[in-house]
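Chemist: Residue 45, in this note's numbering, is where the sequence shown stops; the numbers in between run on with no holes.
Here it is, the structure in full.
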Amino acid sequence: MVSEVSITLDGVTTTTITYSDGSTEVTKTAAASDGSSQGAQTYNAQGTTSTAASSSASASAASKA
-19 MVSEVSITLD GVTTTTITYS DGSTEVTKTA AASDGSSQGA QTYNAQGTTS TAASSSASAS
41 AASKA
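Rendered as structure tokens:
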């Protein structure tokens, strides 16, 4: 099973993908100042996590079995 959650807060979108083996992949994308996707910066990190984080920001989640 693969779970993907994206949260946008203050113009930065954080996407977390969790795999069935417990590993995670995190991508952070900052929108360009003019609102377009051009010039946006993307940061990637990969590792494992044992705790779930919660946020008051709006989030969309999709799960695939």
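For each residue, glycine too, the CB sits at the ideal point set by N, CA and C.
What you are looking at is a predicted structure, and each value in this text was computed from that prediction instead of being measured.
Skipping 5 residues on each side, what residues in its chain have a beta carbon closer than 6 Å to that of Gly(-9)?
Modeler: Working through the sequence shown from its first residue, we reach residue -9 at position 11. These residues qualify, in order along the chain: Ala11.
Chemist: Go to Ser3, then tell me how far its beta strand (DSSP E) extends in each direction, as first and last residue.
Modeler: Locating residue 3 in the sequence shown gives position 23, where the first residue counts as 1. Counting along the chain, the beta strand (DSSP E) containing Ser3 begins and ends at 3 to 10.
Chemist: Would Ser(-17) and Thr7 qualify as a contact pair, given that the criterion is a beta-carbon distance under 7 Å?
Modeler: As a position in the sequence shown, residue -17 is number 3, starting the count at 1. As a position in the sequence shown, residue 7 is number 27, starting the count at 1. Taking 7 Å as the Cβ cut-off, Ser(-17) and Thr7 do not qualify as a contacting pair.
Chemist: When the Cα atoms are used, what is the spatial distance from Val(-15) to Thr(-4)?
Modeler: Numbered from 1 along the sequence shown, position 5 holds the residue referred to as residue -15. Numbered from 1 along the sequence shown, position 16 holds the residue referred to as residue -4. Their Cα atoms are separated by approximately 5 Å.
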